[in-house]
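J.: Sharing a structure with you now.
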Amino acid sequence: MKYPAVLSFADILPQLHEFDAIIDARSEGEFALDHLPGAINCPVLHDEERVRVGTLYKQVNAFEAKKVGAALVAYNIARHLETLFADKPRDWKPLVYCWRGGNRSGSLAHVLAKVGWPAIQLDGGYKAYRAHVSSALDNPPELQFRVICGTTGSGKSRLLETLDAIGAQVLDLERLAAHRGSVLGHLPNEAQPTQKMFESRIWDKLRHFDLDKPVFVESESKKVGNLRVPDAVMERMRASPCVALTLSRPNRVRLLMEDYNHFAQDPQALNGQLDHLVQLHGRAKIDAWHALANSGAMPELVDQLLVEHYDPAYLRSIDRNFVQYGQAQVLELGDIGQDDFVGAARALHAA
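First residue of the sequence shown? That's 1 in the UniProt record's numbering, and the numbers climb one at a time after it.
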């Protein structure tokens, strides 16, 4: 094969795991929005440089823009060769892509091939990859979902984490979305990914699952924080067999106190989130919950939130949205210790 070889995403997908590096030649801003799983960012034009070249193209002419752009690209590629790629052996095999598989990835792939590396360039670039992901999520594989259902605080997320740890197949949408899925679900110090990045993460998980084994997933709503679960994936989940996880309310309060300890340390942040519930519960109720948060009465507040907000909302929606919930396997947790979750996970995994 002559290098750099230019291959379609369909040709590349079966060997995606074989590349020693997947190099995204786009700017850091483009990379942050979404990228191929496992890719590293090696911009041949940085954000501000793209703006500069684009401005020249519009205000002067294409020749001047290309002349300035070529110098910047040459400089950036040289810097990558001197730093990121300096220790790579002769048989190092990189995949290179940019936005449409044009000048940026072509320039980098050409230089890498001239050095002697078997560089591959993705024809169509990120746009081709994104088109594949969108199509794949519109027609997801026929997976055997088993949906973990349960009221807020019953330990669904911990059970999924434990199932993952013992080797079960798990689609943890909340982890992929960096959000716990409720009005209080924002994770401290961790922003949610973009919608496209969320979809890339879901696609990458789905494509690695064994179709002959169950995939455990939580009974999410259509949105996890600000992100939307792809419609076809949600439809498959909602039509799948369910597991009804149960835990006593005092233990649910204990579990939520552990998982949401950051709110106990910052009641003002909690109150800000509770304000989103004014339309549902009225100003007087929210002010009462503010008072509990400000006074440090967190267990009482959590208990009231369960009884007056979360449990009624769950009961209104679960039968309507998950059609097999009425025949769900009941799985009762006696406590919230690690042994309790390991026992429950092993029982499910062995079933």
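Heads up, the beta-carbon is just placed ideally off N, CA and C, and yes, glycines get one too.
Keep in mind it's a predicted model, so treat the numbers as computed, not measured.
Cβ atoms of Asp11 and Ser27: under 7 Å apart, would you say?
T.: Along the sequence shown, read from residue 1 onward, the residue named residue 27 stands at position 27. Along the sequence shown, read from residue 1 onward, the residue named residue 11 stands at position 11. No. Outside cutoff.
J.: Between Gly54 and Arg90, is the Cβ-Cβ spacing less than 7 Å?
T.: Your numbering for residue 54 matches position 54 in the sequence shown. Your numbering for residue 90 matches position 90 in the sequence shown. No, the Cβ-Cβ distance between Gly54 and Arg90 is not below 7 Å.
J.: Give the straight-line distance between the Cα atoms of Gly106 and Val170, rounded to the nearest whole angstrom.
T.: Position 106 of the sequence shown, counted from the start, is the residue given in the question as residue 106. Position 170 of the sequence shown, counted from the start, is the residue given in the question as residue 170. Computed Cα separation, rounded: 38 Å.
J.: If you count every other CB in all the chains shown that lies within 10 Å of the CB of Lys156, and 16 or more means buried, which is it?
T.: For the purposes of this step, residue 156 is taken as the residue at position 156 of the sequence shown. Under this definition Lys156 is a buried residue.
J.: Closest to Asp287 by C-alpha separation, out of Pro299, Leu274, His349, would be which residue?
T.: As a first step, residue 287 must be located in the sequence shown, where it is residue number 287. Taking only the C-alpha atoms, the option nearest Asp287 is Leu274.
J.: Taking Val44 and Ala25 to be in contact with their CB atoms under 8 Å, please state how far apart those CB atoms are, rounded to whole angstroms.
T.: What you label residue 44 is simply residue 44 of the sequence shown in a count that begins at 1. What you label residue 25 is simply residue 25 of the sequence shown in a count that begins at 1. Going by Cβ atoms, the distance from Val44 to Ala25 rounds to 5 Å, so yes, they are a contact pair.
J.: Quick test of the definition: if touching needs 3 or more C-beta pairs under 8 Å, does the stretch 225-240 touch the stretch 176-192?
T.: yes
J.: Does DSSP put Leu72 in a helix, a strand or coil?
T.: Position 72 of the sequence shown, counted from the start, is the residue given in the question as residue 72. Note: Leu72 maps to helix in three-state DSSP.
J.: For Ile77, which residues of its own chain have a beta-carbon under 7 Å away from its beta-carbon, when the five flanking residues on both sides are left out?
T.: The sequence position of residue 77 within the sequence shown is 77, counting from 1. Same-chain partners within the cutoff: Val44, Ser107, Leu108, Val111.
J.: Where are the alpha helix (DSSP H) runs, 4 residues long or more, that stay fully inside the stretch 37-83, in chain order?
T.: 47-59, 62-82
J.: Using only the alpha-carbon positions, how far apart do Pro250 and Arg207 sit?
T.: Counting from 1 along the sequence shown, the entry for residue 250 is found at position 250. Counting from 1 along the sequence shown, the entry for residue 207 is found at position 207. Whole-angstrom Cα-Cα distance: 39 Å.
J.: What does the Cβ neighbour count give for Asp29, buried or exposed, with the cut at 16 atoms within 10 Å?
T.: For the purposes of this step, residue 29 is taken as residue 29 along the sequence shown, with counting starting at 1. Here the sequence assigns Gly to residue 29, which means Asp is not the residue at that position. So Gly29 counts as exposed.
J.: Output the boundary residues of the alpha helix (DSSP H) element that contains residue 369.
T.: Nothing about residue 369 can be reported from this structure: the residues present for the chain run from 1 to 351 only.
J.: How about Phe9 and His132: do their beta carbons lie closer than 7 Å?
T.: Along the sequence shown, one-based indexing puts residue 9 at 9. Along the sequence shown, one-based indexing puts residue 132 at 132. By the CB criterion at 7 Å, Phe9 and His132 fall inside the cutoff.
J.: Using the beta-carbon count (16 or more within 10 Å), is Tyr75 buried or exposed?
T.: Mapped onto the sequence shown, residue 75 falls at position 75. Exposed, by the Cβ-count rule.
J.: Taking C-beta to C-beta, are Asp319 and Tyr310 nearer than 7 Å?
T.: For this step, residue 319 is matched to residue 319 along the sequence shown. For this step, residue 310 is matched to residue 310 along the sequence shown. No, the Cβ-Cβ distance between Asp319 and Tyr310 is not below 7 Å.
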